[in-house]
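J.:
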Amino acid sequence: MIVALLGGKKEELYKPLVNMLASSGYRVSSAIYLRKVNIPSELKKLAEAGAGITLAYSTNRLVYTTTFVPDNLEDIKKRISCLSPVEPDVLVLLGFQKLVSDRRDVLKALSVWSAKEANSLISGLSPPIVGVYSERQDFPDGYNSPVELAKAIIEEGRRRSVLPPLPKRV
């Protein structure tokens, strides 16, 4: 399943969605589109020196940076697959509106400040749009909380059979 979280409040929706999926046993990967990246100084120096790809290891995580700019969603999926020790069940995208706007295989959910922002985003998106959470609670038929919208995304994934059955892992 691929889910794109869009809007100015998308990070608020990310945490409950990923927590629900991961606590159910799904393997979740994510990618975020940032306008400005605050790269740690060590990685910034390596990138400025000309390194195309840099992997930074610490005691509990790996940070991956690259100067590669994805042309399409398949490029992102390929990078995630290459870095993940196992194929993820769910890919959560934060942003990437241009790459997913016309993709009917991507579930889209909006977490926004207001109905005005939601309507502006919706006008450039193809279905399926699972729902909208508005901070101001001014979007008609919108969800009252990011948690409610996260539950709806999971239900829609199951309904469309794009979210695999709960994994049986040993």
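Those letters in the sequence shown? Residues 298 to 467, per my numbering, in order. Even glycine gets a Cβ: it sits at the ideal position worked out from N, Cα and C. Because the structure is a prediction, the values reported are computed rather than measured.
Does the Cβ-Cβ distance between R401 and P367 come in under 8 Å?
T.: Going by C-beta atoms, R401 is not nearer than 8 Å to P367.
J.: Considering just the uninterrupted stretch of the alpha helix (DSSP H) at K306, what are its terminal residues?
T.: Here K306 belongs to no alpha helix (DSSP H), and DSSP marks it neither H nor E.
J.: Let me make sure I understand the geometry here. Which of I373, E371, I350 and V459 has the alpha-carbon closest to that of T363?
T.: Residue I350 is the option with its Cα nearest to T363.
J.: Among the residues of its own chain, which have a CB less than 7 Å from the CB of L343, if the five just before and after it don't count?
T.: Only T351 meet the Cβ criterion.
J.: Classify A346: buried if its beta carbon has 16 or more other beta carbons within 10 angstroms, exposed otherwise.
T.: The residue in question, A346, is exposed, as its Cβ has fewer than 16 Cβ neighbours within 10 Å.
J.: Ignoring anything shorter than 4 residues or poking outside the segment 362–402, list the alpha helix (DSSP H) runs there in chain order.
T.: Runs of the alpha helix (DSSP H) inside the segment 362–402: 370–380 and 394–397.
J.: In whole angstroms, what is the alpha-carbon distance linking G299 and Y361?
T.: At residue 299 the sequence reads Ile, which differs from the Gly that was named. Between I299 and Y361, the C-alpha separation is close to 21 Å.
J.: Does the pairing of the segment 391–411 with the segment 301–320 give three or more beta-carbon distances under 8 Å?
T.: Yes, the segment 391–411 is in contact with the segment 301–320.
J.: Name the residue from V444, V397 and S326 whose alpha carbon lies nearest to the alpha carbon of L314.
T.: The option with the nearest alpha carbon to L314 is V444.
J.: I'd like the list of long-range same chain contacts for A353, defined as Cβ closer than 6 Å, with 5 residues on each side in sequence excluded.
T.: Answer for A353: L340 and V360, listed in chain order.
J.: May I have the straight-line CA-CA distance separating N369 from A348, to the nearest angstrom?
T.: The alpha-carbon atoms of N369 and A348 are separated by roughly 23 Å.
J.: Using 8 Å for Cβ pairs, my map puts Y311 next to L318. What's the rounded Cβ distance?
T.: The pair is not a contact, with the Cβ atoms about 11 Å apart (cut-off 8 Å).
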